[in-house]
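Q: Plus 14 on top of the position in the sequence shown (first one is 1) and you've got the working numbering.
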Amino acid sequence: MTYDLDHPEIREAVAKLCVGFPGAYWRRCDREQAYPTEFVMALTEAGYLSALIPEEYGGLELPISAGCAILEEIHRSGGNAAACHAQMYTMGTLLRHGSEDQKRRYLPEIAQGALRLQAFGVTEPTSGTDTTALRTTARRDGDRYIVNGQKIWTSRAEHSDLMLLLARTTPRKDCAKRTDGLSVFLVDMRAVRGNSLTIRPIRAMMNHSTTELFFDDMPVPAANLIGEEGKGFRYILSGMNAERILIAAECVGDAKWFTATAIAYARERSVFGRPIGQNQGVQFPIATAYAQMRAAELMLREAVRLYEAGGNPGEEANLAKMLCADASWAAAEACLQTHGGFGFAEEYDVERKYRETRLYQVAPISTNMILSYIAEHVLGMPRSY
Ligand SMILES: Cc1cc2nc3c(=O)[nH]c(=O)nc-3n(C[C@H](O)[C@H](O)[C@H](O)COP(=O)(O)OP(=O)(O)OC[C@H]3O[C@@H](n4cnc5c(N)ncnc54)[C@H](O)[C@@H]3O)c2cc1C
């Protein structure tokens, strides 16, 4: 089956759904740091969060370009998919590396939205980007593992039933390679929350439902180990390109929102007896951001094309994530500047979107790490860390 990379029918339907969630809705959630439950429910009911799950497990079995179209549209309309995008792709690790039993047990309910798998516990306070130095351990004890340690920035943990957790099962000193000895678990948080699992919300610059987690002898059934023990790092890596591509689409959506919002304001705001948009000093940053977005979007399309052809395009997915994040940031800057003082007023949504899109320079991967990947793996320069 072939698909139109643009998916106009999906975009139109998502845009229509988003009309029900205007700026006022997102402003209220932002002000109260509240989870956008109604929005997530509407997306779930429309089936969009099951887009990438195969039909045999109850999903829509759409290609990644459809996932991109959905996320881009949400952001282009002024919303934010961060509350639920992980429900779309975290299941990829289970789908690719889980046993048939695990897939049959969890995927149909994830596809329905009855089960939420949208927490992803990798980052730790001490190790940060150096994932293989993480300190959370999982020790085998009969038919279960006992987990001890801590995670930080585990987003949506309070709004998720399941969590994909990366923990060390073999001490680093006993491993031939530092990437060995890490394992992935599907943790049913409902069974341990409030007992051996403590979840503490982190108030952050933007409304992101992010948390820190503490594991205190947390039991996880051995049946919930994904794939083979000790191979978890590569399982997590194998999902990174899809994540980069989908996040890049959100950035393109943000860039389009900022550009459209800046243009509308530049046309309508009159100072010195003429629209501010008549000044080239106002036009050029918007035009530059637009050019950046178009170029970044082409790289994203290339990454999607290669991915859908069955490849695992590390170079293009990383470039797309970096270029799209830079384009959304340039558009955010141009939009805020165009609005002058009003750019700082909550009711225009510009300052909210500005805070939200800034995140992409740091998470889910920071720009330096992408440049490092390109320098080493694409350009063949020596590894720097
Ligand atoms: C709102 C939010 C939500 C998040 N959600 C999740 C989540 O759901 N799950 C999860 O596991 N993580 C999550 N993260 C974590 C995120 O992936 C990390 O913050 C990010 O990867 C950077 O890690 P760090 O914060 O530990 O920074 P550090 O690793 O401490 O790095 C700090 C800075 O130094 C730079 N740096 C570090 N080492 C090098 C080097 N060798 N060369 C050049 N520069 C370097 C980095 O690029 C960065 O700019 C989230 C973060 C935020 C802020």
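Even for Gly, the Cβ is constructed at its ideal location relative to N, Cα and C. Note that the coordinates shown come from a computational prediction; the quantities given were computed from them, not determined experimentally.
Leaving aside the five residues before and after E23 along the sequence, list all residues of the same chain whose C-beta is less than 6 Å from its C-beta, in chain order.
A: Sequence index remark: in the sequence shown, residue 23 carries index 9 (1-based). Result list for E23: empty, nothing under 6 Å.
Q: Comparing the C-beta of R186 with each C-beta of chain B, is any distance below 7 Å?
A: Absent from the structure is chain B; it holds one protein chain and no more.
Q: List in chain order: all unbroken beta strand (DSSP E) runs of 3+ residues lying wholly within the stretch 144-219.
A: Counting only runs of 3 or more, we get 151-155, 158-169, 176-182, 196-202 and 211-215.
Q: Using only CA atoms, which one of T150, A280, S210 and G328 lies nearest to G291?
A: Position 277 of the sequence shown holds residue 291. Nearest of T150, A280, S210 and G328 to G291, Cα basis: A280.
Q: For S398, does the count of other Cβ atoms within 10 angstroms reach 16, so buried, or fall short, so exposed?
A: Position 384 of the sequence shown holds residue 398. When all chains shown are included, S398 counts as exposed.
Q: Give the straight-line distance between the Cα atoms of L385 and V392, rounded to the nearest whole angstrom.
A: Your numbering for residue 385 matches position 371 in the sequence shown. Your numbering for residue 392 matches position 378 in the sequence shown. C-alpha separation (whole angstroms): 10 Å.
Q: Can you grab the Cα-Cα spacing for the pair E114 / G328, in whole Å?
A: On the sequence shown, position 100 is the one that residue 114 refers to. On the sequence shown, position 314 is the one that residue 328 refers to. The straight-line gap from Cα to Cα measures roughly 27 Å.
Q: Could you tell me if E257 is buried or exposed, where buried requires 16 or more neighbouring beta carbons within 10 angstroms of its beta carbon?
A: The sequence position of residue 257 within the sequence shown is 243, counting from 1. Result: buried.
Q: Mind checking whether the beta-carbon of F286 lies closer than 6 Å to any heavy atom of ligand 1?
A: What you label residue 286 is simply residue 272 of the sequence shown in a count that begins at 1. Checking every heavy atom of ligand 1 against the Cβ of F286, none is found closer than 6 Å.
Q: Would you grab the beta carbon distance between S141 and R149 for me? Rounded to a whole angstrom, and I think it's under 8 Å.
A: Residue numbering aside, residue 141 sits at position 127 when the sequence shown is read from its first letter. Residue numbering aside, residue 149 sits at position 135 when the sequence shown is read from its first letter. Between R149 and S141 the Cβ distance is about 7 Å, and since that is below 8 Å, they are a contact.
Q: Say the cut is 6 Å; is the CB of T224 nearer than that to a heavy atom of ligand 1?
A: In the sequence shown, the residue the question calls residue 224 occupies position 210. Yes, the Cβ of T224 comes within 6 Å of a heavy atom of ligand 1.
Q: Can you check which of these residues, S223, A181 and D194, is closest to M232 by C-alpha distance?
A: The sequence position of residue 232 within the sequence shown is 218, counting from 1. Closest option to M232, Cα to Cα, is A181.
Q: Comparing the CB of N382 with every heavy atom of ligand 1, is any distance shorter than 6 Å?
A: Locating residue 382 in the sequence shown gives position 368, counting from the first residue. For ligand 1, at least one heavy atom lies less than 6 Å from the Cβ of N382.
Q: Let me know the alpha helix (DSSP H) ranges lying completely inside the stretch 30-97, each 4 residues or longer, listed in chain order.
A: Those alpha helix (DSSP H) runs which fall completely within the stretch 30-97 and span 4+ residues are 37-46, 51-59 and 78-90.
Q: At the level of alpha carbons, what is the spacing between R217 and G112?
A: Against the sequence shown, residue 217 aligns to sequence position 203. Against the sequence shown, residue 112 aligns to sequence position 98. Approximately 34 Å between the Cα atoms of the pair.
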